[in-house]
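K.L.:
My numbering puts the first residue of the sequence shown at 100, with every later residue one more than the last.
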Amino acid sequence: MDGIDFPPDRIVLVDFDGTIADFDGAVREEAARIGIYPTNNGQPSFYAAEDYAASDRAAVWAIINKPGFTRNLAPLPGLVPGWMSIIKAGFHPVIASRLRPPEYSPTDEAEKLEWLEEHLAPYVGSWVIDEAVFTPDKDLLLAAALVDDKPPRMMKRRGAWTQVVFTQPCNAWDNPSDTLRITGWEDPALQPTLHEAQKRFQGF
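1. I'd like the ranges of any beta strand (DSSP E) spanning at least 3 consecutive residues and lying wholly in the stretch 211-286.
2. Checking the sheet assignment: what are the DSSP bridge partners for residue 154?
3. The alpha helix (DSSP H) that contains residue 178, what's its start and end?
4. What whole-angstrom Cβ distance do residue 175 and residue 228 have, given they're in contact under 8 angstroms?
5. Taking the alpha-carbon positions, what's the residue 158 to residue 222 distance?
6. Grab the span of the alpha helix (DSSP H) containing residue 289 for me, first residue to last.
7. Within a Cβ cutoff of 8 angstroms, which residues of the same chain sit near residue 186, ignoring the five residues on either side of it in sequence?
8. By the 10 Å Cβ neighbour count, where 16 or more other Cβ atoms means buried, how is residue 127 classified, buried or exposed?
9. Per DSSP, which residues does residue 192 bridge with? Please list them.
10. Got a sec? Which residues, its chain only, sit under 6 angstroms from residue 244 by beta carbon, not counting five neighbours each side?
11. Quick check: the stretch 150-166 against the stretch 126-140, are at least 3 beta-carbon pairs closer than 8 angstroms?
12. In three-state DSSP terms, what is residue 173?
13. Considering Cα atoms alone, identify which of 300, 105, 286 is closest to residue 181.
14. Can you pull the DSSP bridge partners for residue 120?
15. Excluding the 5 residues flanking residue 301 on each side, which residues of the same chain have their C-beta closer than 6 angstroms to its C-beta?
16. Who are the near neighbours of residue 210 in its chain, counting only those whose CB is closer than 6 angstroms to its CB and skipping five residues on each side?
17. With DSSP collapsed to three states, give me the class of residue 199.
18. Would you decide whether residue 225 is buried or exposed? Buried here means 16 or more other CB atoms lie within 10 Å of its CB.
19. Please determine, among 275, 183, 156, 281, the residue with the shortest C-alpha to C-alpha distance to residue 247.
20. Would you kindly work out how many angstroms separate the C-alpha atoms of residue 255 and residue 249, rounded to a whole number?
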């Protein structure tokens, strides 16, 4: 992460979809507009399209990949105060997101940057845009923590960082004994959880 002048054990990576932006809520809302509803019996998948009947999944992917979808996602509650809480705890938050394949969603990166410009940059500074990292492999990034809604058992490898699970219905069931977790950006456990992740840092 060139240009970020902070030691790795003070960097906190923050996922985009489902962690700062309400991805799943937007999928459900847009799908309902065209008469498509989940068939998952109340047990959401991490991959939103899998919550729908196989015959509906192409339509759900069309919603996700439609230009403007990412740009119009709502921020999750408490995002700005939570972001500031990370900074007040002595950490430096950095957006780390995996982009959808450009052949299906060519505007994904641009829309995420535009989203950050509207929902975070006015409150914390334009550096949040300049430092955002888009990568297919977050394990290669050196940091103390990764705040991410991906279920822990779906993480392919562990990087130097420790995952801090951002609670969503898709991961509520996945709670290994050593899991670090926050219930949202307004969780009072945010700062102590990041300090615990820092203690586990394996980058040096």
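Positions of the beta carbon are idealized from the N, C-alpha and C atoms, including for glycine.
P.N.:
With the structure as the only source:
1. Scanning the stretch 211-286 for uninterrupted beta strand (DSSP E) segments of 3 residues or longer gives 244-247, 261-265, 279-281, listed from N- to C-terminal end.
2. Residue 154 is bridged by DSSP to nothing; it lacks a bridge partner.
3. 178-187 is the span of the alpha helix (DSSP H), which, as asked, contains residue 178.
4. Not a contact, Cβ separation roughly 18 angstroms.
5. Cα to Cα, the separation comes out at about 36 angstroms.
6. Counting along the chain, the alpha helix (DSSP H) containing residue 289 begins and ends at 289-298.
7. Sequence-distant Cβ neighbours of residue 186 in its own chain, meaning closer than 8 angstroms and more than five residues away, are 192, 223.
8. Looking at its Cβ environment, which holds 16 or more other Cβ atoms inside 10 Å, residue 127 is buried.
9. According to DSSP, residue 192 bridges with 111.
10. Contacts found: 111, 260, 261, 263, 293, 296.
11. The stretch 126-140, when compared against the stretch 150-166, does touch it at the 8 angstroms Cβ threshold.
12. Residue 173 sits in coil when the DSSP states are folded into three classes, being neither helix nor strand.
13. With distances taken between Cα atoms, residue 181 lies closest to 286.
14. DSSP, once it has assigned bridges, lists 116, 174 as partnering residue 120.
15. Here the set comprises 259.
16. Once the five neighbours on either side are set aside, the close Cβ partners of residue 210 are 169, 170.
17. In the three-state reduction of the DSSP assignment, residue 199 falls in the coil class.
18. Exposed, by the Cβ-count rule.
19. If you compare the alpha carbons of 275, 183, 156, 281 with that of residue 247, the shortest gap goes to 281.
20. When rounded, the distance between both Cα atoms is 11 angstroms.
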